[in-house]
Amino acid sequence: MTRRRRFRGRIAGVGSASGTRVVVGRWMESPYGEFTDAMVETAEGHRVLVAPTPEVAELVATTYTFDEVRVEPVGTQGDATRWAVRSPSLTLDLAVGGRTALGRLLRVVPSRVAESTVFAAAADPVARVVLRGVRTRGVARAGRREYYGATDVRAVTEMSGTFDGVGLGALAPVDPPCRFGFSSTPRRPSVTSVTTTVVDAT
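The numbering of the sequence shown is my numbering, which starts it at 141 and goes up by one.
Okay, structure coming up:
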C-alpha cells in the first residue's frame, strides 16, 4: 500500500542582502505533530537543514538535498502578522503584510480542491511559467512524489536575522532560487499557506 503523509501549515521564503536565502516551514498539522524546520542556503551555495528532531531531519534530509544537517531546538512564535524564528543557528524576525494578487486568486478556489493532489498536478504547468523556480508537484529524492496545495499567499514586508551569528542584512528577493529540491519558493518574499502531500515510492 502506498504511504501518504500530509503536512498543513505555512512556508515563509525570504532572501537577504547578504545573499543568504531562508525557507521556514511552520507546520500545524503533520505526522510528527506541530513543528518548525528551516532550510538555509548561503550566498556561497552551502545548504543547511535545521530540524527539531532526528525523525524530522531524517524525512526532510532524504527528501531534499543538503550539504549539512543540524538537529537542534527550533521554533516559531507570533501570529499571522509577525514571525519570530529561533534556534541556536538561526534567528529570523518577519513582518507579514497583505495578501498578494496570487493569494487573492487562490482564495477563490475551495480549500478542499486547492489541497488535492489532482489540483496540484493540474496547476504545475502554470506555476512553472508564471513563478520562476516554483513547482506544485514533482519527484524528490528516494523517489518520493510531492504535491504542494497552496491556499493563500501574503507578502513579507520586513525581515531581520542572523545565521551562525552573522547578520543577514535587509530583506531581498529569493534570487537565485533555492536549490533544496525540485521547487523553490516564489521570488517575492512571502508566506504561503500550504498542504504538502508526500507519497512514498512503491
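Cβ coordinates follow ideal geometry from the N, Cα and C atoms, glycine included.
Below 8 Å between beta carbons: does that hold for residue i and residue j?
i	j	result
Ala178	Val163	yes
Pro250	Ser227	no
Pro329	Ala295	yes
Ser333	Ala280	no
Thr276	Thr337	no
Gly309	Leu230	no
Ala157	Ala254	no
Arg144	Val339	yes
Glu181	Arg187	yes
Determine whether the Cβ of residue i lies closer than 8 Å to any Cβ atom of chain B.
i	result
Leu245	Within the model displayed, chain B is absent; a lone protein chain is all it includes.
On the criterion of 16 or more Cβ atoms from any shown chain inside 10 Å, does residue i qualify as buried, or is it exposed?
i	result
Met299	buried
Thr160	buried
Gly283	exposed
Ala224	exposed
Thr325	buried
Thr202	exposed
Thr297	exposed
Val248	exposed
Arg150	buried
Leu234	buried
Report whether the distance from the Cβ of residue i to the nearest heavy atom of the ligand MN is below 7 Å.
i	result
Trp167	In the structure on display, the ligand MN does not appear, and there are no ligands present to speak of.
In its own chain, which residues sit with a C-beta less than 8 Å from the C-beta of residue i, not counting the 5 before and 5 after it?
i	result
Thr240	Val293, Arg294, Ala295, Arg328, Ser330
Gly238	Arg294, Ala295
Alpha carbon to alpha carbon, how far is residue i from residue j?
i	j	result
Gly217	Phe175	A small correction: the amino acid at residue 217 is Gln; Gly does not occupy that position in the sequence shown. The alpha-carbon atoms of Gln217 and Phe175 are separated by roughly 11 Å.
Ala191	Gly155	20 Å
Leu189	Gly165	11 Å
Arg222	Gly153	14 Å
Ala260	Val306	37 Å
Phe320	Ala220	26 Å
Arg252	Thr335	10 Å
Val236	Val314	16 Å
Trp167	Asp304	24 Å
Leu232	Ala341	35 Å
Phe206	Leu246	31 Å
Tyr172	Thr193	9 Å
Gly185	Gly215	24 Å
Leu199	Tyr288	17 Å
Taking 6 Å as the limit between beta carbons, can you name the residues of its chain near residue i, skipping five residues before and five after?
i	result
Ser170	Phe147
Tyr204	Phe320, Gly321
Excluding the 5 residues preceding and the 5 following residue i in the sequence, name in chain order all residues of the same chain whose CB lies nearer than 7 Å to its CB.
i	result
Val197	Looking at the sequence itself, residue 197 is Ala, so the reference to Val does not match. So the qualifying residues of the chain are Leu189, Ala191, Val209, Val211.
Gly243	Asp292, Val293, Arg294
Gly278	Glu286, Phe322, Ser323
Counting only runs that start and end within the region 184–249, where is the alpha helix (DSSP H) found for 4 or more residues in a row?
-> 194–203, 241–248, all fully within the region 184–249.
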